[in-house]
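Novice: One structure coming up, written as structure tokens, with questions to follow.
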Amino acid sequence: MQLQFSQLLFKNSFQKNGFSIRYLFKESARQKQYKAKKLIGFSKLEIYEIVADVQSYDKFLPFCTKSTVLSHRPKEMRANLVIGFPPIVENYDSTVLFDKPNIVKSVCTNGTLFYYLESTWIFHPGLQSNTRSCIIDFSIKFNFKSVLYSQVASLFFDRLVQQMESAFMNEAARRYGKPSIKTHILNETFAN
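Residue numbering for the sequence shown is 1 to 192, as defined by the UniProt record's numbering.
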């Protein structure tokens with residue numbers, strides 16, 4: 001039996017990179033997680049306002065092509081986000097919980113893209129000598145339903161997360177001006 005070129009390429013690239021076909025289909029292969037604690041040059045309220053502004057995500061977040069608020073209450077919102085890059089475009093609904101100006105937590109409630117997606121932003125006071133600073137605790141964890149999406153995300157996961165974080169900081173700078181201090185990474189973890 002002769003292997004087609006694409007099968008051979010697929011098989012060789014995964015063997016060369018230490019992957020096995022069985023690994024691709026394991027649940028743990030599709031799980032991704034990122035955690036970071038950073039001191040930033042924006043106040044708790046300033047960065048909270050950016051993260052809580054789900055309606056505007058499509059204007060500044062990479063790969064978010066549409067963001068629609070479906071319902072809004074004082075401490076909770078339901079939103080639909082469309083993400084991807086043509087021709088691959090997916091959407092999902094999220095429940096977003098708020099505790100102004102301390103926490104924004106988002107949980108995927110339905111969609112074809114994720115088994116689960118959860119992101120949490122916690123905002124702490126920053127430097128005593130600089131009221132326009134705060135410490136952010138950011139975490140995101142997700143599990144794709146698609147093995148293909150999971151493998152693509154694995155290749156670019158750290159860059160994707162950093163682009164997303166940078167987009168929030170750039171939007172804060174656009175709205176509120178230059179940060180008062182340079183960002184300092186206090187802790188950062190990527191995990192599968």
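Note that the Cβ used here is the ideal one computed from N, Cα and C, for glycine as well.
Between Phe168 and the rest of its own chain, which residues show a CB-CB distance below 6 angstroms, the 5 nearest in sequence each way excluded?
Specialist: As a working note, residue 168 is residue 168 in the sequence shown. Cβ within range, chain order: Ile50.
Novice: What runs of the beta strand (DSSP E), each 3 residues or longer, lie entirely inside the UniProt domain "Coenzyme Q-binding protein COQ10 START" (46-168)?
Specialist: Listed in chain order, the complete beta strand (DSSP E) runs (minimum 3 residues) inside the UniProt domain "Coenzyme Q-binding protein COQ10 START" (46-168) are 64-73, 76-85, 88-99, 103-111, 114-125 and 134-144.
Novice: Helix, strand or coil for Lys178 per DSSP?
Specialist: Taking the first residue of the sequence shown as 1, we reach residue 178 at position 178. Here Lys178 sits in coil by DSSP.
Novice: Tell me the rounded alpha-carbon separation between Gly111 and Asp93.
Specialist: Taking the first residue of the sequence shown as 1, we reach residue 111 at position 111. Taking the first residue of the sequence shown as 1, we reach residue 93 at position 93. The alpha-carbon atoms of Gly111 and Asp93 are separated by roughly 6 angstroms.
Novice: Quick one: Cα of Ile136 to Cα of Ser146, how far?
Specialist: Along the sequence shown, read from residue 1 onward, the residue named residue 136 stands at position 136. Along the sequence shown, read from residue 1 onward, the residue named residue 146 stands at position 146. Answer to the nearest angstrom: the Cα atoms are 31 angstroms apart.
Novice: Could you please give me the residues that DSSP links to Lys35 through a beta bridge?
Specialist: For the purposes of this step, residue 35 is identified with residue 35 of the sequence shown, where counting begins at 1. Lys35 pairs with Ser139 and Thr189.
Novice: If you measure between the beta carbons of Val89 and Ala52, is that distance less than 7 angstroms?
Specialist: Start at 1 with the first residue of the sequence shown, and residue 89 comes out as number 89. Start at 1 with the first residue of the sequence shown, and residue 52 comes out as number 52. No, they are not a contact pair.
Novice: Enumerate in chain order the residues of its own chain whose CB-to-CB distance from Lys35 is below 6 angstroms, with the five nearest sequence positions on each side excluded.
Specialist: Along the sequence shown, one-based indexing puts residue 35 at 35. So the list reads Ser139 and Thr189, once near-sequence residues are dropped.
Novice: Does the beta-carbon distance from Ser166 to Arg132 come in below 7 angstroms?
Specialist: The sequence position of residue 166 within the sequence shown is 166, counting from 1. The sequence position of residue 132 within the sequence shown is 132, counting from 1. Not in contact: Ser166 and Arg132 (Cβ atoms no closer than 7 angstroms).
Novice: Taking the alpha carbon of Thr95 as the reference point, which residue from Pro74, Asn102, Gly177 and Pro87 has its own alpha carbon closest?
Specialist: Translated into positions along the sequence shown, residue 95 becomes position 95. Closest by alpha carbon: Pro74.
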